[in-house]
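Colleague: I am attaching a structure below and will ask some questions about it afterwards.
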Amino acid sequence: MIYHGAEVAGQDAVAVGGGRILALGPVDRLRRQFPGATVRRVAGRFLPGFLDGHLHLLSYGRALGELDLAGLAAPKARDVLLAARGAQDGWLRGRGASASLLVELARDQNLLRRLAPLRVWAHDLHTLLSDPGSVRALGLDRHVPPGGAVEQGPDGLPTGLLREAAALPLAAAADQDQGGAEAAVERAIRDLWRRGIVGAVTFETPEGVAAVASATGRLPFQAYVYQTAASIGRGQRPRRLGRRSALVGAKFFLDGTLGSRTAWLRAPYADAPGTGLPRHDPEDLRGSMRSLARRGFSLAVHAIGDAAAQAALGLLESLPPAEAPHRIEHLQLVPEGFAERLAAADVTASIQPCHLEQDLADARRAWADRLARAYPYRAFGDAGARLALGSDAPVESPSPALNLKWALGADAVGGGARHGLDLELALRGYRDGVYQSVGVRGQDIVPGARADLVLYRQGPEHGDDPLLVLSEGQEVFRAGEAYVEE
Ligand SMILES: [Zn+2]
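Those letters in the sequence shown? Residues 5 to 490, per the working numbering, in order.
This is how it looks when you write it as structure tokens:
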């Protein structure tokens, strides 16, 4: 196959075969070199396929499988739910609804009975709408969990609306029959392809590890897996899982999130009492970290606040090097001089600039007095630390355009420091950086490299979506008339 007409690594045509890039050059030369090749005319610019440096394939796939009720008014939501009920058995799952939509739907008890069993989350995950029968079947009307509320109608019976802690047992019951883990992973991969993403570092439970291994055996998508540390058995070692997947590492948590003010800080929040919530005493993790690192696992530590970042680096610095470098996830606030220490310790900065879409206003309040040290992407880059860019999907959209918007635009954080990356460094962090973070040498668009190519009219930094995506030379996504065959 020869694609020509778009800029591709400084040339105007690329020949692809057997999953690899065969040659680059002027189209006439490639025609002579590969007689009989199919020739396709495209317009735009080819970039190498992206790798997402941090996401959750199984939970992203499950989120995509749910009804999206965001922005819907009650009549439309009612139609969507009834149509879905007609098409499937078992729990009907939805998300993204406004809390007021759920209140309105709860007034129609007849509707809820027809939709049973039902589980719809409000977008903030603090209110859930079910059906009265499911609420009673779980005994939630008789024993309201502490910290929760079960709404009752005038007749004293549950309406189906559950708040805070009362929602959790119902959500757990509804998620139990989710099965189909491999189908969910496949759904995630198909969604990522059309965004130009051909591989990822994914954080999974054992169920997800198995599903990722089998889905990527069939589909051209590379997965480097980190498993939750507590679920890794004594005899387990890093290993290839299948054709395109490998178990690389183990994941630990040191703190919570900025939004819930549970990120662990050295000094109290500017807008809330306390310094957040360490999930563990770091000393308690040292032994199991050492044992996993000795067996060759790369360790990934979730650290959002500066106290967590400091503790994470302290733990990782003292470990033997693994097959792939150790890494810290998120790093939204760090101490002074942290970037240089990170680079010296060869620990990967795994960052998700797209979180700024939701977090920026929160960060400006909570860390008003220390913004220069928040989202310090440029400091990481200047210090020469290895950057891996990811999205944390399903927490945020995996769109590279959104991530680049904030990687380049992070100066909006303020605090008298530069935060944003330049385009070249951001793009490198979206492919080479991710490969290096898992100990793999990636290649650009050169003969012999894997044919992972994404065609843009201009580029993701302009907010464009891909026109054509090739993963291992296979066309995994095409928008309308991406090419004309000659
Ligand atoms: Zn995550």
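Even glycine gets a Cβ: it sits at the ideal position worked out from N, Cα and C.
1. Please confirm if Pro398 has its CB atom under 7 Å from at least one CB of chain C.
2. Just to confirm before moving on: does the CB-CB distance between Leu142 and Leu119 stay below 7 Å?
3. Output the distance between the C-alpha atoms of Ser292 and Arg390, rounded to the nearest integer angstrom.
4. Check whether the Cβ of Asp396 sits closer than 6 Å to any heavy atom of ligand 1, and report yes or no.
5. Looking at Gln37: is its Cβ nearer than 7 Å to the Cβ of Leu28?
6. Taking the C-alpha atoms as reference points, what is the distance between Leu337 and Ala421?
7. Going by Cα to Cα distance, which pick from Leu109, Arg66 and Leu166 is closest to Asp195?
8. Can you tell me which of the three DSSP states Ala13 falls into?
9. Residues in its own chain within less than 7 Å of Thr209 by CB, not counting five upstream and five downstream?
10. Excluding the five sequence neighbours on either side, which residues of its own chain have a C-beta within less than 6 Å of the C-beta of Ala192, listed in chain order?
11. Nearest by alpha-carbon distance to Ile25: which of Ala453, Ala486 and Leu474 is it?
12. Pull up the CB-CB distance for Val202 and Leu55, whole angstroms please, since I reckon it's below 8 Å.
13. So, under 8 Å CB-CB, Ala455 and Gly23 are touching, yes? Tell me the CB distance rounded to an integer number of Å.
14. Would you call the region 290–310 and the region 251–259 in contact, with 3 or more CB pairs under 8 Å?
15. Short of 8 Å in beta carbon distance, which residues of its chain neighbour Pro282, apart from the five on each side in sequence? Order them along the chain.
16. Three or more C-beta pairs closer than 8 Å, one from the region 217–224 and one from the region 124–135: is that the case here?
17. Between the Cα of Ala271 and those of Gly98, Pro136, Asp373 and Leu289, spot the shortest distance and give me the residue it belongs to.
18. Heavy atom of ligand 2 less than 6 Å from the Cβ of Glu400, yes or no?
19. Could you tell me the boundaries of the beta strand (DSSP E) in which Asp56 lies?
20. Considering only residues of the region 120–162, which uninterrupted alpha helix (DSSP H) runs meet the minimum length of 4 residues and lie entirely inside it, listed in chain order?
21. Using a Cβ-Cβ cut-off of 6 Å (strictly less than) and excluding sequence neighbours within five positions of Ala367, which residues of its own chain qualify?
22. Could you check what DSSP says for Gln226 in three-state terms: helix, strand or coil?
23. Alpha carbon to alpha carbon, how far is Gly57 from Asn114?
24. Roughly how many angstroms lie between the CA atoms of Arg198 and Leu245, to the nearest whole one?
25. From what residue to what residue does the alpha helix (DSSP H) around Ile193 run?
26. Name the residue from Glu168, Gln180, Gly212 and Pro173 whose alpha carbon lies nearest to the alpha carbon of Ala188.
27. Excluding the 5 residues flanking Gly388 on each side, which residues of the same chain have their C-beta closer than 7 Å to its C-beta?
28. Report yes or no: do three or more beta-carbon pairs, one from the region 324–334 and one from the region 437–452, lie closer than 8 Å?
29. Is there contact between the region 470–483 and the region 40–55, where contact requires at least three CB pairs shorter than 8 Å?
30. Spatial neighbours of Arg345 within its chain, please: C-beta separation below 7 Å, excluding the five flanking residues on both sides.
31. Just tell me which of Asp179, Leu105, Leu71 and Ser401 has its CA closest to the CA of Arg89.
32. Beta carbon of Ala416, beta carbon of Ala383: below 7 Å?
33. Take Val12 and list the residues in its own chain whose beta-carbon comes closer than 8 Å to its own, dropping the five residues that flank it on each side.
34. For Leu474, which beta-bridge partners are listed by DSSP?
35. Which same chain residues end up closer than 6 Å to Arg248 when comparing Cβ atoms and leaving out the 5 residues on each side of it in sequence?
36. Using beta-carbon positions only, say whether Val124 and Gly98 come within less than 7 Å of one another.
Modeller: The structure says:
1. The structure shown contains no chain C, having only a single protein chain.
2. Within the sequence shown, numbered from 1, the residue matching residue 142 stands at position 138. Within the sequence shown, numbered from 1, the residue matching residue 119 stands at position 115. No, the Cβ-Cβ distance between Leu142 and Leu119 is not below 7 Å.
3. Looking up residue 292 in the sequence shown gives position 288. Looking up residue 390 in the sequence shown gives position 386. The alpha-carbon atoms of Ser292 and Arg390 are separated by roughly 25 Å.
4. Taking the first residue of the sequence shown as 1, we reach residue 396 at position 392. Asp396 Cβ: within cutoff of ligand 1.
5. Within the sequence shown, numbered from 1, the residue matching residue 37 stands at position 33. Within the sequence shown, numbered from 1, the residue matching residue 28 stands at position 24. Result no, Cβ atoms of Gln37 and Leu28 do not sit closer than 7 Å.
6. Start at 1 with the first residue of the sequence shown, and residue 337 comes out as number 333. Start at 1 with the first residue of the sequence shown, and residue 421 comes out as number 417. Straight-line Cα distance between these residues: approximately 13 Å.
7. Your numbering for residue 195 matches position 191 in the sequence shown. Among Leu109, Arg66 and Leu166, the Cα nearest to that of Asp195 belongs to Arg66.
8. Counting from one through the sequence shown, the residue named residue 13 turns up at place 9. Looking at Ala13 - three-state DSSP - the assignment turns out to be coil, as it is neither helix nor strand.
9. In the sequence shown, the residue the question calls residue 209 occupies position 205. So the list reads Thr232 and Ser235, once near-sequence residues are dropped.
10. Position 188 of the sequence shown holds residue 192. Answer for Ala192: Leu61, Tyr64 and Gly65, listed in chain order.
11. By 1-based counting over the sequence shown, the position of residue 25 is 21. Looking at the Cα atoms, Ala453 is the closest of the given residues.
12. By one-based count along the sequence shown, residue 202 stands at place 198. By one-based count along the sequence shown, residue 55 stands at place 51. Going by Cβ atoms, the distance from Val202 to Leu55 rounds to 7 Å, so yes, they are a contact pair.
13. Position 451 of the sequence shown holds residue 455. Position 19 of the sequence shown holds residue 23. The pair is a contact, with the Cβ atoms about 6 Å apart (cut-off 8 Å).
14. yes
15. For the purposes of this step, residue 282 is taken as the residue at position 278 of the sequence shown. Hits under 8 Å: Leu258, Asp259, Trp268, Ala311, Ala312 and Ala315.
16. no
17. Taking the sequence shown and counting its residues from 1, the one referred to as residue 271 is at position 267. The option with the nearest alpha carbon to Ala271 is Asp373.
18. The model depicted lacks ligand 2 and carries ligand 1 instead.
19. Position 52 of the sequence shown, counted from the first residue, corresponds to residue 56. Start and end: Phe54 to Leu59.
20. 136–141
21. Against the sequence shown, residue 367 aligns to sequence position 363. Only Ala378 meet the Cβ criterion.
22. Walking along the sequence shown from the start, residue 226 turns up at place 222. Gln226 falls in the strand class under three-state DSSP.
23. Sequence index remark: in the sequence shown, residue 57 carries index 53 (1-based). Sequence index remark: in the sequence shown, residue 114 carries index 110 (1-based). When rounded, the distance between both Cα atoms is 46 Å.
24. As a working note, residue 198 is residue 194 in the sequence shown. As a working note, residue 245 is residue 241 in the sequence shown. Cα-Cα distance, rounded: 25 Å.
25. Within the sequence shown, numbered from 1, the residue matching residue 193 stands at position 189. Ala185 to Trp197 is the span of the alpha helix (DSSP H), which, as asked, contains Ile193.
26. On the sequence shown, residue 188 is found 184 positions in, with the first residue counted as 1. Residue Gly212 is the option with its Cα nearest to Ala188.
27. For the purposes of this step, residue 388 is taken as residue 384 along the sequence shown, with counting starting at 1. If we look at Gly388 and ignore the five residues flanking it on each side, its Cβ neighbours are Ala347.
28. yes
29. yes
30. Along the sequence shown, read from residue 1 onward, the residue named residue 345 stands at position 341. Hits under 7 Å: Leu317.
31. Start at 1 with the first residue of the sequence shown, and residue 89 comes out as number 85. It is Leu71 whose Cα lies nearest to the Cα of Arg89.
32. Here residue 416 refers to the residue found at position 412 of the sequence shown. Here residue 383 refers to the residue found at position 379 of the sequence shown. No.
33. Locating residue 12 in the sequence shown gives position 8, where the first residue counts as 1. Val18, Leu28, Arg49, Phe50, Ile449 and Leu457.
34. Locating residue 474 in the sequence shown gives position 470, counting from the first residue. The partner list for Leu474 (beta bridge, DSSP) reads Leu457 and Glu479.
35. Start at 1 with the first residue of the sequence shown, and residue 248 comes out as number 244. If we look at Arg248 and ignore the five residues flanking it on each side, its Cβ neighbours are Thr220 and Gln226.
36. Against the sequence shown, residue 124 aligns to sequence position 120. Against the sequence shown, residue 98 aligns to sequence position 94. Cβ distance < 7 Å, so Val124 and Gly98 count as in contact.
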